[in-house]
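**Student:** Just dropping this structure here.
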Amino acid sequence: MFKKMIDDCTVKSPWIYHINSGSCNGCDIELVAVLTPRYDAERFGFKLVGTPRHADIIVVSGPVTSQSRDRLIRTIEQVPDPKVVVSLGSCPRSCNVFKGSYSVEGPLDKFVKVDVPVAGCAPKPEAVIDGLALAAKILEEKRRNMAK
Amino acid sequence: MQILWFLFYILIFPGFLFTTFAGLLLAGIDRKVLARMQRRIGPPITQPFYDFVKLMGKETIVPDAASRTAFLTAPVIGFVSLIVTAVVIPIGNFLAFRGIADVIVIIYLLTIPAVAIIIGGASSGSPFSGIGISREMVAIVSYELPLILVLLTVCKKAGMMLSGGMTFSLSDIVVYQFYNGTMVSHWAMIPAAIAFLMIIPGEVGTQPFDIAEAETEICEGTMAEYSGAPLALFELSHAVKMFVMTALFTSLFISGWTTGSIVLDTIIVLAICILVTIISMTLPHASAARLKVEWLFRYYWKIVSALALVSLILVWCGL
Amino acid sequence: MKVAISNLFSKTDCERYPYVPKTAPEHYRGRIVFHPEGCIGCGICERVCSPQAISTTVVHEEDGDRITRVFHMGSCTFCQTCVDFCPRHTIEMSKDYDMVVTNEDDLKVTGTYFKAAKKPAPKAVEAAKPEQTAAADSAPEAE
Chain A
1321 MFKKMIDDCT VKSPWIYHIN SGSCNGCDIE LVAVLTPRYD AERFGFKLVG
1371 TPRHADIIVV SGPVTSQSRD RLIRTIEQVP DPKVVVSLGS CPRSCNVFKG
1421 SYSVEGPLDK FVKVDVPVAG CAPKPEAVID GLALAAKILE EKRRNMAK
Chain B
5 MQILWFLFYI LIFPGFLFTT FAGLLLAGID RKVLARMQRR IGPPITQPFY
55 DFVKLMGKET IVPDAASRTA FLTAPVIGFV SLIVTAVVIP IGNFLAFRGI
105 ADVIVIIYLL TIPAVAIIIG GASSGSPFSG IGISREMVAI VSYELPLILV
155 LLTVCKKAGM MLSGGMTFSL SDIVVYQFYN GTMVSHWAMI PAAIAFLMII
205 PGEVGTQPFD IAEAETEICE GTMAEYSGAP LALFELSHAV KMFVMTALFT
255 SLFISGWTTG SIVLDTIIVL AICILVTIIS MTLPHASAAR LKVEWLFRYY
305 WKIVSALALV SLILVWCGL
Chain C
114 MKVAISNLFS KTDCERYPYV PKTAPEHYRG RIVFHPEGCI GCGICERVCS
164 PQAISTTVVH EEDGDRITRV FHMGSCTFCQ TCVDFCPRHT IEMSKDYDMV
214 VTNEDDLKVT GTYFKAAKKP APKAVEAAKP EQTAAADSAP EAE
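Residue numbers (the numbering used here), protein chains in the order written: chain A, 1321 to 1468; chain B, 5 to 323; chain C, 114 to 256.
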């Protein structure tokens, strides 16, 4: 009975942690704009937390640079299960214009399993809300599978 | 038979279940009203319930550099002491455990949750927690002084009428208000009431006084390494502390009436608590930025203590 | 503080997105729409694309080439340079902004067209040309 209650509540309050691994900050601004009064994401329970240990959804923006690669992998490992990784923008997808640069290691798929890609450069806040809603549903499924 | 009644008081009525429910409800209303003040829709009122249940389902990670026992028992200590405080506070005309020196017990018990946060942060083994606990210690020192001054004022006022001296019992304070009208109607107590309203957000640890748990500055400070069930207990004690402080305000300043049935009394006390929360916690949260540690100290020791001292001097002169 | 209290009693400013659909404003640069029937195969868009998101595959067939252009939305910057440079205006950007996918292929916009090869000129025309030039040469010689 408690398991069912926990599973039902997992989709209603997902907490977000944002990592910027070398991005141009355009996607970061769109993510923070989602939490402003115009496109209020808090009505679905989303809350921006300050430490990866409290988070459920990790939002990564920017291509993976050599300097941030180790730290990115270590930070994502610090997040407790169940967790969902969302890649924001087209930079984590395919390094966009930074392809082939001397300090860019590659797309995010090479290092971490990405659950929800949100494409766009930068994605509109409505598209970000869609991506976060899909991530919350995947989080509930992962929580159900974790209990088994 | 008496033991069963005591167990009922501790676990259900003004004890575990009731304070959990009331605290989470107050926290939800606080978030919703804050969102409306910022012209957005905001989370549903039951959102803290969802948060608590979700956190119980997350994995608990204990870092390598942390000492395991202190890390896991700190939130339990804080929560249990809050429940004990809640059992001692009168609701309407009903008091579960009466004693001779309730107020002194409350002063001691209210420092334990803050100390539990410090223990939890110190045993986390992360530099963010270190900064958090030093700031929390400064915060404790700064709001203890006005709190004690306000409690002394109320006790002296109630004691002068009943025995000529001082009384430290909450039931005596309720009886005094029953005979002489609520404390707020005596004009000498109004500065003390305002000072207590300013102490509430500092004690609870909500913005603009949440220097120990600053979210964006130091990665949540003392709670940086917590996850899962211990974090759920910390969030729960944060919410229950809101209820305990507002219920204390109600019983110290606006008590003495009774409608005859416990259920109606509880509902009216809850309504007053909601009003007090909105005035003292949500309004400053929506209008001001976070105070720095030095300013927090100066604010509490100069302005709030001055208000409480004015009331104390007036009461001691016989007014 | 006055603003906070007055806001408490006024309506919210919030856009209720998922329950009320929202269209992007005019001239919004969204997903690419490619009309392959006007493409002439010049390849300017591929050269000009800054993240190199356009790729072409050519399959030689009997009497021509089947050319496929793929626009990868996961790599596109939406800068509209390909739209500006295309000489036949076959690329345009729609207002579709919702690109959250679970399948990689949904992000690729493709268009295929068939480019017929140039027919070789018939022999009669070639033979007529030297006759014509011979006639043209002989005419001035005659004069």
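From the three backbone atoms N, C-alpha and C, an ideal C-beta is built for every residue, glycine too. All figures in this text were calculated on a predicted structure; none of them were measured in a lab.
Taking only three categories from DSSP, how would you classify A:L1408?
**Tutor:** Looking up residue 1408 of chain A in the first sequence gives position 88. Residue state, collapsed to three classes: strand.
**Student:** Between the C-alpha atoms of B:S189 and B:Y112, what's the straight-line distance to the nearest angstrom?
**Tutor:** Reading the second sequence from its first residue, position 185 is the one you call residue 189 of chain B. Reading the second sequence from its first residue, position 108 is the one you call residue 112 of chain B. C-alpha separation (whole angstroms): 29 Å.
**Student:** Between which two residues does the alpha helix (DSSP H) carrying A:V1424 extend?
**Tutor:** For the purposes of this step, residue 1424 of chain A is taken as residue 104 along the first sequence, with counting starting at 1. No alpha helix (DSSP H) holds A:V1424; the beta strand (DSSP E) holding it covers 1424 to 1426.
**Student:** Enumerate in chain order the residues of its own chain whose CB-to-CB distance from B:M170 is below 7 Å, with the five nearest sequence positions on each side excluded.
**Tutor:** Within the second sequence, residue 170 of chain B is the residue found at index 166, counting from 1. Answer for B:M170: C159, K160, G163, listed in chain order.
**Student:** Name the DSSP beta bridge partners of C:M206, please?
**Tutor:** The sequence position of residue 206 of chain C within the third sequence is 93, counting from 1. According to DSSP, which records beta bridges pairwise, C:M206 is partnered with C:I145.
**Student:** Ignoring anything shorter than 4 residues, give me the alpha helix (DSSP H) runs that lie fully in the region 87 to 128 of chain B, in order along the chain.
**Tutor:** As far as the region 87 to 128 of chain B is concerned, its whole alpha helix (DSSP H) runs of at least 4 residues are 106 to 126.
**Student:** What's the gap between the Cα of B:I108 and the Cα of B:M193?
**Tutor:** For the purposes of this step, residue 108 of chain B is taken as the residue at position 104 of the second sequence. For the purposes of this step, residue 193 of chain B is taken as the residue at position 189 of the second sequence. Those two C-alpha atoms are separated by around 20 Å.
**Student:** Is B:R139 close to chain A? Criterion is C-beta to C-beta, closer than 8 Å.
**Tutor:** For the purposes of this step, residue 139 of chain B is taken as the residue at position 135 of the second sequence. Cβ-Cβ to chain A under 8 Å: no for B:R139.
**Student:** Does DSSP classify B:W9 as helix, strand or coil?
**Tutor:** Here the question's residue 9 of chain B lines up with position 5 in the second sequence. Of the three classes helix, strand and coil, the one that applies to B:W9 here is helix, per DSSP.
**Student:** Give a yes or no on contact between the region 301 to 309 of chain B and the region 177 to 186 of chain B, applying the rule of three or more CB pairs nearer than 8 Å.
**Tutor:** Not touching, per the Cβ criterion.
**Student:** Taking Cβ positions, are B:E229 and B:S130 nearer each other than 8 Å?
**Tutor:** Residue mapping note: residue 229 of chain B aligns to position 225 of the second sequence, counting from 1. Residue mapping note: residue 130 of chain B aligns to position 126 of the second sequence, counting from 1. A contact, by the Cβ cut-off of 8 Å.
**Student:** Determine the chain C residues that contact A:G1451 at a beta-carbon separation under 8 Å, and present them in chain order.
**Tutor:** Stepping through the first sequence from its first residue, residue 1451 of chain A is reached at position 131. Those within 8 Å of A:G1451 in chain C are V213.
**Student:** Between B:T24 and B:V244, is the Cβ-Cβ spacing less than 8 Å?
**Tutor:** For the purposes of this step, residue 24 of chain B is taken as residue 20 along the second sequence, with counting starting at 1. For the purposes of this step, residue 244 of chain B is taken as residue 240 along the second sequence, with counting starting at 1. The answer is yes: Cβ separation under 8 Å.
**Student:** If you draw a straight line from the alpha carbon of B:P150 to that of B:V280, how long is it in whole angstroms?
**Tutor:** Reading the second sequence from its first residue, position 146 is the one you call residue 150 of chain B. Reading the second sequence from its first residue, position 276 is the one you call residue 280 of chain B. Near 18 Å, if we compare the C-alpha coordinates of B:V280 and B:P150.
**Student:** For chain A, find out if any of its Cβ atoms is closer than 8 Å to the Cβ of C:A249; answer yes or no.
**Tutor:** Within the third sequence, numbered from 1, the residue matching residue 249 of chain C stands at position 136. Unreliable placement is indicated for C:A249, whose pLDDT of 48 sits below 50; the coordinate value is still reported in the next sentence. No - not a single Cβ of chain A is within 8 Å of the one on C:A249.
**Student:** On the DSSP letters alone, give me the boundaries of the alpha helix (DSSP H) that C:E217 sits inside.
**Tutor:** Mapped onto the third sequence, residue 217 of chain C falls at position 104. Note, C:E217: premise wrong, no alpha helix (DSSP H); not H, not E.
**Student:** My assumption, with CB atoms under 8 Å, is that B:L313 sits in contact with B:I93. Please give the rounded CB distance.
**Tutor:** Walking along the second sequence from the start, residue 313 of chain B turns up at place 309. Walking along the second sequence from the start, residue 93 of chain B turns up at place 89. Not really, about 25 Å apart at Cβ, beyond 8 Å.
**Student:** Give the DSSP-derived three-state secondary structure of B:G136 in the structure shown.
**Tutor:** Mapped onto the second sequence, residue 136 of chain B falls at position 132. B:G136: helix per DSSP, three-state reduction.
**Student:** Quick check on C:Y210 - is its C-beta less than 8 Å from some C-beta in chain A?
**Tutor:** Walking along the third sequence from the start, residue 210 of chain C turns up at place 97. Yes, its Cβ sits closer than 8 Å to a Cβ of chain A.
**Student:** Any idea if B:M285 is buried or exposed, counting beta-carbon neighbours within 10 angstroms, 16 or more meaning buried?
**Tutor:** For the purposes of this step, residue 285 of chain B is taken as residue 281 along the second sequence, with counting starting at 1. So B:M285 counts as buried.
**Student:** Residues of chain A with CB under 8 Å from C:K135, in chain order?
**Tutor:** Position 22 of the third sequence, counted from the first residue, corresponds to residue 135 of chain C. In chain order: E1446.
**Student:** Per DSSP, C:G224 is paired with what?
**Tutor:** Numbered from its first residue, the third sequence carries residue 224 of chain C at position 111. In the DSSP output, where bridge partners are listed per residue, C:G224 has C:R182.
**Student:** Name the residue from B:I203, B:L156, B:I104 whose alpha carbon lies nearest to the alpha carbon of B:W320.
**Tutor:** One-based indexing of the second sequence puts residue 320 of chain B at position 316. Cα-wise, what sits closest to B:W320 is B:L156.
**Student:** Let me see if you follow: with CB-CB separation under 8 Å, is A:I1326 close to chain B or not?
**Tutor:** Residue numbering aside, residue 1326 of chain A sits at position 6 when the first sequence is read from its first letter. It does; some Cβ of chain B falls within 8 Å.
**Student:** Does C:P138 have its Cβ less than 8 Å from a Cβ in chain A?
**Tutor:** For the purposes of this step, residue 138 of chain C is taken as residue 25 along the third sequence, with counting starting at 1. No, no contact with chain A.
**Student:** Looking at the C-beta of A:P1437, does it have a partner C-beta in chain C at a distance below 8 Å?
**Tutor:** Within the first sequence, numbered from 1, the residue matching residue 1437 of chain A stands at position 117. By this cut-off, A:P1437 is an interface position.
**Student:** Thinking C-alpha only, which one of C:D176, C:Y210, C:F147 is nearest A:G1451?
**Tutor:** One-based indexing of the first sequence puts residue 1451 of chain A at position 131. For the residues C:D176, C:Y210, C:F147, the minimum Cα distance to A:G1451 belongs to C:Y210.
**Student:** Between which two residues does the beta strand (DSSP E) holding C:E139 run?
**Tutor:** Residue 139 of chain C sits at position 26 when you count from the first residue of the third sequence. From DSSP, C:E139 is part of no beta strand (DSSP E); its letter is neither H nor E.
**Student:** From A:A1375, A:P1443, A:I1378, A:C1411, pick the residue whose C-alpha is nearest to that of C:Y141; which is it?
**Tutor:** Numbered from 1 along the third sequence, position 28 holds the residue referred to as residue 141 of chain C. Closest option to C:Y141, Cα to Cα, is A:P1443.
**Student:** For A:I1336, count the other beta carbons within 10 Å of its own beta carbon; 16 or more makes it buried, fewer makes it exposed. Which is it?
**Tutor:** The count along the first sequence starts at 1 and reaches residue 1336 of chain A at position 16. Result: buried.
**Student:** Relative to chain A, which residues along the region 65 to 92 of chain B have a C-beta separation below 8 Å, given in chain order?
**Tutor:** Hits within the stretch, in order: I65.
**Student:** Under 7 Å between beta-carbons, which chain A residues line up against C:M186? List them in chain order, please.
**Tutor:** Within the third sequence, the letter at position 73 stands for residue 186 of chain C. Result: A1439.
**Student:** In angstroms with no decimal places, state the Cα-to-Cα distance between A:K1403 and A:E1460.
**Tutor:** As a working mapping, residue 1403 of chain A is identified with position 83 in the first sequence. As a working mapping, residue 1460 of chain A is identified with position 140 in the first sequence. Cα to Cα, A:K1403 sits roughly 10 Å from A:E1460.
**Student:** Would a check of beta-carbon distances place A:G1365 closer than 8 Å to chain E?
**Tutor:** The structure shown has no chain E; the protein chains it does contain are A, B and C.
**Student:** Output, in chain order, the set of chain A residues within a Cβ distance shorter than 8 Å of B:S231.
**Tutor:** The sequence position of residue 231 of chain B within the second sequence is 227, counting from 1. The contacting residues are R1373, H1374, P1400.
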